[in-house]
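Trainee: Submitted below is the structure of interest, expressed as structure tokens.
2 protein chains.
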Amino acid sequence: MPRRGPMGPPWWHHWLRNCGCRITAPREIILDILSRSPGHFSADEIFFMVRQMYPQIGLATVYRTLELLSNMGLVHKLDFGEGKARYELAQGPETKGHHHHLICIRCHKVIDYEEISEKEKELLKEVEENLEKKYGFKITDHMFNFYGICKECQEKGDEVK
Amino acid sequence: MPRRGPMGPPWWHHWLRNCGCRITAPREIILDILSRSPGHFSADEIFFMVRQMYPQIGLATVYRTLELLSNMGLVHKLDFGEGKARYELAQGPETKGHHHHLICIRCHKVIDYEEISEKEKELLKEVEENLEKKYGFKITDHMFNFYGICKECQEKGDEVK
DNA sequence: CTGCGTGCAAACATTTTGCACGATG
DNA sequence: CATCGTGCAAAATGTTTGCACGCAG
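Laid out in structure tokens, this is it:
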């Protein structure tokens, strides 16, 4: 069921092979679902989505696959302070390639924003290059979070109890 | 034991009062410790540090206090993918006010970096103002993470197993 | 045919919660 | 002196692991 181009294997096959990993149904289905679903999903949300196409899957496999993909840099493991991780595709043909969030520290609402100016893009590239040089890192991705209090929570006042 | 200025109460008293919270020994000690310890600490690391000054403290109180401080925006709850949260002071007289991390997706090593150019500072301020206007958020903090593969892990090759 | 990957269930770790007592303002 | 906050222990939750079977390469 993975969506493919006019023909040939899905784009992620070379990622898996390059890492010495086998191509299996659970991996294909998880990647397929992530690649066509924008947003951040918890492991059990992914579990339920995958189960609809592949009912015999186990939750442990979902966790193992997500960790694998995360170690490959294909998937981004996120934490918004809810006590469980969330995941999103980090790399892919249709990925915009940046993950910028506005997170409310009271209600944990998350807003994705996409706006990014040319100036920012340039500066970002510069910063990444400096970091790579200085620390010997091979940077594959980034995530910018802004924390604050959302409109609704501001209206509730400053009491924190 | 909290370190105070020449006289008068520690700087965080007004934060607590402003939120309608009482000033108690556990809260004072946790804030005191965080404010003089740079770095990111897990709940139980903080628990052990606090216990040395205040042995009767319970781990639950540490969690409750950290959540409180996090909701106030005084403390930053971080997740580097280790399966437990880490905390650091977000606001305070000596806080540099930015939390920028370089995170290895293989070994989860975290490098804090402090370098930030004037150009970046300006742009950041601009971006924050735009976001506040556009989404009605009151931004209190931010965190920038760059993900990649550290020098050591690069040497181990691409196999991810 | 040789491992690697999977499903299941049990184990683990961290974090949260209920309750009765004690401290704060 | 009325609550709010705390300590303890138990519970809940999310995530990891051990093992035997099955499939990819």
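Going down the list, the protein sequences come from chains A and F. With the numbering used here, the residue at position 141 of the first sequence is 141, and numbering never jumps. Position in the second sequence counted from 1, then plus 1000, gives you the numbering used here. Backbone N, C-alpha and C define an ideal beta-carbon position, used for all residues, glycine too. Given the structure is predicted, the values throughout are model-derived calculations rather than measurements.
#1: Using the beta-carbon count (16 or more within 10 Å), is residue 1090 (chain F) buried or exposed?
#2: Flag this pair as yes or no: are the beta carbons of residue 39 (chain A) and residue 141 (chain A) separated by less than 8 Å?
#3: Contact between the segment 142 to 149 of chain A and the segment 105 to 116 of chain A: three or more CB pairs below 8 Å?
#4: Could you check how far apart the C-beta atoms of residue 34 (chain A) and residue 62 (chain A) are, in whole angstroms? I think they sit under 8 Å.
#5: My understanding is that residue 1068 (chain F) touches residue 127 (chain A), with C-beta atoms under 8 Å, so please give their C-beta distance in whole angstroms.
#6: Quick check on residue 19 (chain A) - is its C-beta less than 8 Å from some C-beta in chain F?
#7: Who are the near neighbours of residue 27 (chain A) in its chain, counting only those whose CB is closer than 7 Å to its CB and skipping five residues on each side?
#8: Can you tell me which residues form a DSSP beta bridge with residue 143 (chain A)?
#9: Please say whether residue 101 (chain A) and residue 130 (chain A) have beta carbons closer to each other than 8 Å?
#10: Which residues bound the beta strand (DSSP E) around residue 191 (chain A)?
#11: With 7 Å as the C-beta to C-beta threshold (strictly closer), list the residues of the segment 1051 to 1079 of chain F near chain A in chain order.
#12: Who are the neighbours of residue 1140 (chain F) on chain A, taking C-beta pairs under 8 Å?
#13: Any contact of the segment 1079 to 1086 of chain F with the segment 1041 to 1058 of chain F, i.e. 3+ C-beta pairs under 8 Å?
#14: Which value, in whole angstroms, describes the spacing of the CA atoms of residue 1154 (chain F) and residue 138 (chain A)?
#15: Below 7 Å on C-beta distance, what does residue 1081 (chain F) contact in chain A?
#16: Name, please, each residue of chain A whose Cβ falls closer than 7 Å to the Cβ of residue 1111 (chain F).
#17: What is the DSSP secondary structure of residue 5 (chain A), reduced to helix, strand or coil?
#18: May I ask which residues mark the beginning and end of the alpha helix (DSSP H) holding residue 78 (chain A)?
#19: According to DSSP, is residue 42 (chain A) part of a helix, a strand, or is it coil?
#20: So is residue 1041 (chain F) in contact with chain A if we call contact Cβ pairs under 8 Å?
#21: Going by CA-CA distance only, name the one from F:1036, F:1071, F:1030 that's closest to residue 1051 (chain F).
#22: Cα separation between residue 125 (chain A) and residue 119 (chain A)?
#23: May I have the straight-line CA-CA distance separating residue 70 (chain A) from residue 122 (chain A), to the nearest angstrom?
Mentor: The structure says:
#1: Within the second sequence, the letter at position 90 stands for residue 1090 (chain F). So residue 1090 (chain F) counts as buried.
#2: Numbered from its first residue, the first sequence carries residue 39 (chain A) at position 39. Numbered from its first residue, the first sequence carries residue 141 (chain A) at position 141. Contact flag unset, no.
#3: yes
#4: Translated into positions along the first sequence, residue 34 (chain A) becomes position 34. Translated into positions along the first sequence, residue 62 (chain A) becomes position 62. Not quite, the Cβ-Cβ distance comes to about 11 Å (not below 8 Å), so this is no contact.
#5: To locate residue 1068 (chain F), count along the second sequence from 1; it is residue 68. To locate residue 127 (chain A), count along the first sequence from 1; it is residue 127. Their Cβ separation, rounded to whole angstroms, is 34 Å, which puts residue 1068 (chain F) and residue 127 (chain A) out of contact at 8 Å.
#6: Reading the first sequence from its first residue, position 19 is the one you call residue 19 (chain A). Cβ-Cβ to chain F under 8 Å: yes for residue 19 (chain A).
#7: On the first sequence, residue 27 (chain A) is found 27 positions in, with the first residue counted as 1. Here the set comprises 16, 65.
#8: Walking along the first sequence from the start, residue 143 (chain A) turns up at place 143. For residue 143 (chain A), which the question treats as bridged, DSSP gives the partners A:99, F:1145.
#9: Here residue 130 (chain A) refers to the residue found at position 130 when the first sequence is read from its first residue. Here residue 101 (chain A) refers to the residue found at position 101 when the first sequence is read from its first residue. No, Cβ-Cβ distance for residue 130 (chain A) and residue 101 (chain A) is not below 8 Å.
#10: Nothing about residue 191 (chain A) can be read from this structure; chain A reaches only from 1 to 161.
#11: 1068, 1070, 1071, 1072, 1073, 1077, 1079
#12: For this step, residue 1140 (chain F) is matched to residue 140 along the second sequence. Residues of chain A passing the Cβ test: 105, 147, 148, 149.
#13: yes
#14: Along the second sequence, read from residue 1 onward, the residue named residue 1154 (chain F) stands at position 154. Along the first sequence, read from residue 1 onward, the residue named residue 138 (chain A) stands at position 138. Their Cα atoms are separated by approximately 8 Å.
#15: One-based indexing of the second sequence puts residue 1081 (chain F) at position 81. Within 7 Å Cβ-Cβ: 77.
#16: The residue you call residue 1111 (chain F) lines up with position 111 of the second sequence. Near residue 1111 (chain F) (Cβ distances below 7 Å), the residues of chain A are 135.
#17: The residue you call residue 5 (chain A) lines up with position 5 of the first sequence. Because residue 5 (chain A) sits at a pLDDT of 46, beneath the cut-off of 50, its placement in the model cannot be relied upon, and the following sentence gives the value as read from the coordinates. In this structure, residue 5 (chain A) counts as coil in the three-state DSSP scheme.
#18: As a first step, residue 78 (chain A) is located in the first sequence; it is residue number 78 there, counting from the start. First-last for residue 78 (chain A): 75 to 78, but that is the beta strand (DSSP E), not the alpha helix (DSSP H).
#19: Counting from 1 along the first sequence, the entry for residue 42 (chain A) is found at position 42. Residue 42 (chain A) falls in the strand class under three-state DSSP.
#20: Taking the first residue of the second sequence as 1, we reach residue 1041 (chain F) at position 41. No, residue 1041 (chain F) lies away from the interface with chain A (no Cβ there is under 8 Å from its Cβ).
#21: To locate residue 1051 (chain F), count along the second sequence from 1; it is residue 51. For residue 1051 (chain F), the nearest C-alpha among the options comes from F:1030.
#22: Position 125 of the first sequence, counting from 1, holds the residue named residue 125 (chain A). Position 119 of the first sequence, counting from 1, holds the residue named residue 119 (chain A). Approximately 10 Å, taken between the alpha carbons.
#23: Residue numbering aside, residue 70 (chain A) sits at position 70 when the first sequence is read from its first letter. Residue numbering aside, residue 122 (chain A) sits at position 122 when the first sequence is read from its first letter. Using only the alpha carbons, I get a separation of about 27 Å.
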